[in-house]
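Chemist: Take the sequence shown: its letters are residues -24 to -1, 1 to 570, numbered as in mature numbering (1 follows the signal peptide of the UniProt record, and there is no 0). Beta carbons are placed, not taken as given, at the ideal position from N, Cα and C, and that holds for glycine. The structure presented is a predicted model; accordingly, all values stated were derived computationally and were not measured.
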Amino acid sequence: AKMLASSAPSWLLLPLLLSTGVDAWAAGVTRAAVVAAGARSLLPNFGGATSHGTRSHGYGSVQMLADTPHPCRARSLSPTSRRVCSSPVCLSGAVSTQTLLRQSEVMEVLSEVEDPALLDHTDPEGGSDVVSRGLVRAVVITDDSVNVRIEMPTEAASAGAGERVRSSCEKLLREGLDWISDLELEIVRQPAAPASSDMSPLQQLASSEGLNERQASASSSTEGTETALPPGVANVAHIVAVASCKGGVGKSTTAVNMAFSLAAQGHRVGIVDLDVHGPSLPTMVSVLERLQIDGEALLPHEVGGVKLMSMGFINPGVMPLRGAKVTPVVQQLVGRTAWGALDYLIVDMPPGTGDVQLTLSQDFSVSAAVLVTTPQRLSFVDVVKGVEMFDKVGIPTIAVVENMCGLQLDGVAAELESIIESHGINEEGAEQLRALLLKPQQIFGDSHVQRLQEMWGISASFSLPLLPELAKSTDVGTPAVLADPDGQAAKIYSEIAAAVDAEVRALKETQKPALLYVSEENTVYVGLANGEQQKISPIELRRLCRSPSNNPDNLPADLKPLDFVPMGNYAVSVRWSDGHQSLLPYRSFLSNWP
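Below you can see the structure in the form of C-alpha cells.
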C-alpha cells in the first residue's frame, strides 16, 4: 500500500480507494504516505465515514461516479437519486478501469484551472486551483460524457471567478481530452459554513456568520411577535468621528484623551475603536476583565466613567478580515454594543477612506468629525481629502487637531539660566539664547492650522507639541488626562473637548446661507437664516480667494460665478467663468457670521 501511494499518480489514488473500499485501505495506507503522494486535497480524512460512504476532508468531499450496475436501480430510484448515490458498496468492484483512468485524467486537467480569487490568503501555499482548494465536488462519467460539479466560495463567485473558472475548465478539458464528446459543467456557490465550534461566543458575535445565525435564530424564535430593538445607539445623542486619512498622526491618542476630557466635563461618554485590523484602545486603556455579552448585546468595559469597546477586547490576537467581513463587524461594534444613554460616542476611525468610513456614515447618524494631522505637507493634503470625504456624506468637520507641531525638551530652562550665570552672559545675549533654545523646534515643518482656517473656516483648530507624557501614559495604559490632570496635555485636550462640545451644539443653530448670482445686476446676493440679505460683487468675492493660483489684481472684467456648492457648515465652493474654483469660508464675506 505504501509503495503504491508513493508511486501512483495522485489523481489515480482516490478512484482506486473508492472502487476498492475506503475502509480496507484505511488500515494499510498511512496518512503520511498519502500526503507524500501529493493527494492531500483529494484523499478522505480517515476519521470516519458519512452517510453513503462519501468522506469529508479539509477542503470538502468529492464524488467519483460511473455508469455501472447499480443496486439503487433495483429500488426504482429516480435518475437524480441514482446520480448522487456514492455508496462504496455500490461502486466496489464494479467500476471499469477505463472509467477510473478517465476520472483521473479529468482531475489532472482540472488541477490546472486557477484563478486569483481562489487563493486563500491565510494559506498562500495551498494553491489557487479548483482541485487544491477542494472545489470539485463531483465527476460523473458516462461513456464519452462528462459532468463536473464545482462549488465556488461566495467571495470568489462575487468577484466573477465562476465564469472565469467555467471558461477555463471547458477550454482545458476540450483541448486536453479528445475523448470527451459531451461536457456539462455545473458551477454553484458554496453554502455558508456554520460558525466554528472552537470560536468563542464573542468571536461568533463578531463574525458575519455568527450574526446571520443569531439573526435567523432570533427571527425563528420570535416569529409572530414584535421583535425588540437591539441595544445600541438609540439613546446616543451625538456620534463624533475622530479620523485621519493618514496613519501615525496621533488619531487614537486624540480620540481617547478627548473622550476622557469630555467625561471630566460632566458628559456621558463612550468610545469605540473601529480599527479592526490594528485596534489600539486595549493598549491605551488597560482593562483586566474579560468582555461579556448579554443575549445579542456586547457589554462595554467602563474606565473612569467612559464606556469602551474595541475588536481588541473580543479577539486580542490577529484577526485578518477582508472588506466584506469588515462591514458586519463595524455594524456590531457600534450598533450592538449596549451603550445606554450617552451624550457623546467618540469613534476612533482607522486611517483612510474605505469600508469602515462608508459603513459608519451610511448606517449611523454621525453628528460631526474631528480630523487629526501633523505639520507635514503629506498630512495636510490628507486632511483636505478627509474634509471632502465627510462633506460628501453630509458630515461636517468641526475641528482639526495638529499633533507633533514642535519639540521642547524638559529641564532646558533651568540649565540655560545656570549657563548664562556661570559665563556672565549679558542680558541681551541671554534673551537671544532663551528665544532660540526655549522655542519649540518645528521638526516636522511649519504649522498648517492657519491655512486650514482660511480654507475651510474651521475655527476650532489646535496644535499640540510632542509631549513625552503622552507616550508614557500610552505605554502604561492610562490616558494622559487621567495620569496628570493638571499637565500640559490635559489642559490642551480639555480645550479640545470644550470646543467640540460647543461646535456640536452650534450645529443645530447654524444654518447655511444661500447664495444667488443675478446676472442683470452683476451681483451675488446672500440670504441668511434670520431673513437678512447681503450682497457683494463677483470681483469683490473673488478677491477674497486665498488660493495661490488666484491673482486678485488681474481678474477678467466679465468675471461671473457659475455655481455655488456648500462645503461642510463653514465654507462654499465657487466655480468661476474663467475656470478657477474658490473655496471661501462664510466668515470671509459675511460680516455677522459666527
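Please state the DSSP three-state secondary structure of P561.
Modeler: Locating residue 561 in the sequence shown gives position 585, where the first residue counts as 1. Strand.
Chemist: Return yes when the Cβ of V261 is within less than 9 Å of the Cβ of T499, no when it is not.
Modeler: If you number the sequence shown from 1, residue 499 lands on position 523. If you number the sequence shown from 1, residue 261 lands on position 285. Going by C-beta atoms, T499 is not nearer than 9 Å to V261.
Chemist: Can you give me the C-alpha to C-alpha distance between D460 and T259, rounded to a whole angstrom?
Modeler: Reading the sequence shown from its first residue, position 484 is the one you call residue 460. Reading the sequence shown from its first residue, position 283 is the one you call residue 259. In a straight line, the C-alpha of D460 is about 18 Å away from that of T259.
Chemist: Enumerate in chain order the residues of its own chain whose CB-to-CB distance from T313 is below 6 Å, with the five nearest sequence positions on each side excluded.
Modeler: For this step, residue 313 is matched to residue 337 along the sequence shown. Here the set comprises L274, P276 and M285.
Chemist: Between which two residues does the beta strand (DSSP E) holding Q510 run?
Modeler: Residue 510 sits at position 534 when you count from the first residue of the sequence shown. Unbroken beta strand (DSSP E) run through Q510: Q509 to I512.
Chemist: D554 by DSSP, collapsed to three states: which one?
Modeler: Start at 1 with the first residue of the sequence shown, and residue 554 comes out as number 578. Here D554 sits in coil by DSSP.
Chemist: State the Cα-Cα distance for the pair T229 and V348, rounded to the nearest angstrom.
Modeler: The sequence position of residue 229 within the sequence shown is 253, counting from 1. The sequence position of residue 348 within the sequence shown is 372, counting from 1. Taking the straight line joining both Cα atoms gives about 10 Å.
Chemist: Given a cut-off of 9 Å, decide if V480 and I374 are closer than it, judged by their beta-carbon atoms.
Modeler: Locating residue 374 in the sequence shown gives position 398, where the first residue counts as 1. Locating residue 480 in the sequence shown gives position 504, where the first residue counts as 1. Going by C-beta atoms, I374 is nearer than 9 Å to V480.
Chemist: Give the secondary structure of A8 by DSSP, where H, G and I count as helix, E and B as strand, and everything else as coil.
Modeler: One-based indexing of the sequence shown puts residue 8 at position 32. For A8, the predicted model reports a pLDDT of 31, less than 50, meaning its position is unreliable and no value from the coordinates is stated.
Chemist: So, with DSSP's three-state summary, where would you put Q384?
Modeler: Walking along the sequence shown from the start, residue 384 turns up at place 408. If DSSP states are grouped into helix, strand and coil, Q384 belongs with coil.
Chemist: With a threshold of 6 Å on Cβ separation, who are the neighbours of V65 within its own chain once the five nearest residues in sequence on each side are excluded?
Modeler: As a first step, residue 65 is located in the sequence shown; it is residue number 89 there, counting from the start. Since pLDDT at V65 reaches only 37, below the 50 mark, its modelled position is unreliable, and no value is offered.
Chemist: For A473, count neighbouring Cβ atoms within 10 angstroms of its own Cβ and tell me buried if that reaches 16, exposed if not.
Modeler: One-based indexing of the sequence shown puts residue 473 at position 497. Per the 10 Å Cβ criterion, buried.
Chemist: Suppose contacts are defined by Cβ-Cβ distances below 9 Å. Is V216 in contact with Y320 by that definition?
Modeler: Taking the first residue of the sequence shown as position 1, residue 216 is located at position 240. Taking the first residue of the sequence shown as position 1, residue 320 is located at position 344. Yes.
Chemist: Who pairs with M365 in a beta bridge, going by DSSP?
Modeler: For the purposes of this step, residue 365 is taken as residue 389 along the sequence shown, with counting starting at 1. None, per the DSSP bridge assignment.
Chemist: With distance defined between alpha-carbon atoms, name the residue in V116, L318 and F356 nearest to E162.
Modeler: If you number the sequence shown from 1, residue 162 lands on position 186. Of the candidates V116, L318 and F356, the one whose C-alpha sits nearest the C-alpha of E162 is V116.
Chemist: Using CA atoms only, rank isn't needed, just tell me which of L412, A475, S220 and P416 is closest to V359.
Modeler: Along the sequence shown, read from residue 1 onward, the residue named residue 359 stands at position 383. Per the Cα distances, S220.
Chemist: Quick check on DSSP: helix, strand or coil for Y469?
Modeler: Along the sequence shown, read from residue 1 onward, the residue named residue 469 stands at position 493. Three-state DSSP puts Y469 in a helix.
Chemist: Could you give the C-beta distance for Q417 and G382, rounded to a whole number, given that I count them as a contact under 8 Å?
Modeler: As a working mapping, residue 417 is identified with position 441 in the sequence shown. As a working mapping, residue 382 is identified with position 406 in the sequence shown. Their Cβ separation, rounded to whole angstroms, is 6 Å, which keeps Q417 and G382 in contact under 8 Å.
Chemist: Scan the segment 220 to 260 and note each continuous beta strand (DSSP E) run of 3 residues or more that stays entirely inside, going in chain order.
Modeler: You should have 245 to 249.
Chemist: Please state whether the Cβ-Cβ distance between L560 and A547 is less than 9 Å.
Modeler: Residue 560 sits at position 584 when you count from the first residue of the sequence shown. Residue 547 sits at position 571 when you count from the first residue of the sequence shown. Taking 9 Å as the Cβ cut-off, L560 and A547 qualify as a contacting pair.
Chemist: Here's a check: name, in chain order, each residue in its chain whose Cβ is nearer than 8 Å to the Cβ of S525, leaving out the five neighbours to either side.
Modeler: Within the sequence shown, residue 525 is the residue found at index 549, counting from 1. So the list reads H556, once near-sequence residues are dropped.
Chemist: What does Q268 pair with, by DSSP beta-bridge criteria?
Modeler: In the sequence shown, the residue the question calls residue 268 occupies position 292. Per DSSP, L275.
Chemist: Give me the Cα-Cα distance between E497 and A345, rounded to the nearest whole angstrom.
Modeler: Indexing the sequence shown from 1 puts residue 497 at position 521. Indexing the sequence shown from 1 puts residue 345 at position 369. Distance between the alpha carbons of E497 and A345: 39 Å.
Chemist: Mind checking which residues open and close the beta strand (DSSP E) that includes D539?
Modeler: In the sequence shown, counting from the first residue as 1, residue 539 sits at position 563. P537 to M543 is the extent of the beta strand (DSSP E) around D539.
Chemist: Considering only DSSP beta bridges, list what Q417 is partnered with.
Modeler: One-based indexing of the sequence shown puts residue 417 at position 441. According to DSSP, Q417 bridges with L383.
Chemist: For residue 592, which option in E485, V212, D534 and Y493 has the closest C-alpha, if you only look at C-alpha atoms?
Modeler: The structure shown has nothing for residue 592, since the chain only spans -24 to 570.
Chemist: Might you give, ordered along the chain, the residues of its own chain that have their beta carbon closer than 6 Å to the beta carbon of V457, omitting 5 neighbours on each side?
Modeler: As a working mapping, residue 457 is identified with position 481 in the sequence shown. Cβ neighbours of V457 beyond the five flanking positions: N233, F236, S237, A466 and Y469.
Chemist: Name the one or two DSSP bridge partners that S437 has.
Modeler: On the sequence shown, residue 437 is found 461 positions in, with the first residue counted as 1. Looking at the DSSP assignment, S437 forms a beta bridge with V376.
Chemist: Return yes when the Cβ of L428 is within less than 9 Å of the Cβ of F356, no when it is not.
Modeler: On the sequence shown, residue 356 is found 380 positions in, with the first residue counted as 1. On the sequence shown, residue 428 is found 452 positions in, with the first residue counted as 1. Yes, Cβ-Cβ distance for F356 and L428 is below 9 Å.
Chemist: Should V550 be labelled buried (16 or more other beta-carbon atoms within 10 Å of its own) or exposed?
Modeler: Residue numbering aside, residue 550 sits at position 574 when the sequence shown is read from its first letter. Burial call: buried.
Chemist: Return the first residue and the last residue of the alpha helix (DSSP H) that E81 is part of.
Modeler: The residue given as residue 81 occupies position 105 in the sequence shown. Counting along the chain, the alpha helix (DSSP H) containing E81 begins and ends at T73 to L86.
Chemist: Does the Cβ of H424 have 16 or more other Cβ atoms within 10 Å, making it buried, or fewer, making it exposed?
Modeler: Residue 424 sits at position 448 when you count from the first residue of the sequence shown. Classification of H424: buried, given that the 10 Å Cβ count is 16 or more.
Chemist: Excluding the 5 residues preceding and the 5 following G281 in the sequence, name in chain order all residues of the same chain whose CB lies nearer than 6 Å to its CB.
Modeler: For this step, residue 281 is matched to residue 305 along the sequence shown. The residues are A239.
Chemist: Does the beta-carbon of E397 have 16 or more other beta-carbons within 10 angstroms, so that it is buried, or is it exposed?
Modeler: By 1-based counting over the sequence shown, the position of residue 397 is 421. E397 comes out exposed.
Chemist: Please report the Cβ distance between L159 and L149, rounded to the nearest whole angstrom; I am assuming they are in contact, meaning their Cβ atoms lie under 8 Å.
Modeler: By 1-based counting over the sequence shown, the position of residue 159 is 183. By 1-based counting over the sequence shown, the position of residue 149 is 173. That belief holds up - the Cβ atoms of L159 and L149 are roughly 6 Å apart, short of 8 Å.
Chemist: Can you tell me which of the three DSSP states E497 falls into?
Modeler: What you label residue 497 is simply residue 521 of the sequence shown in a count that begins at 1. Here E497 sits in coil by DSSP.
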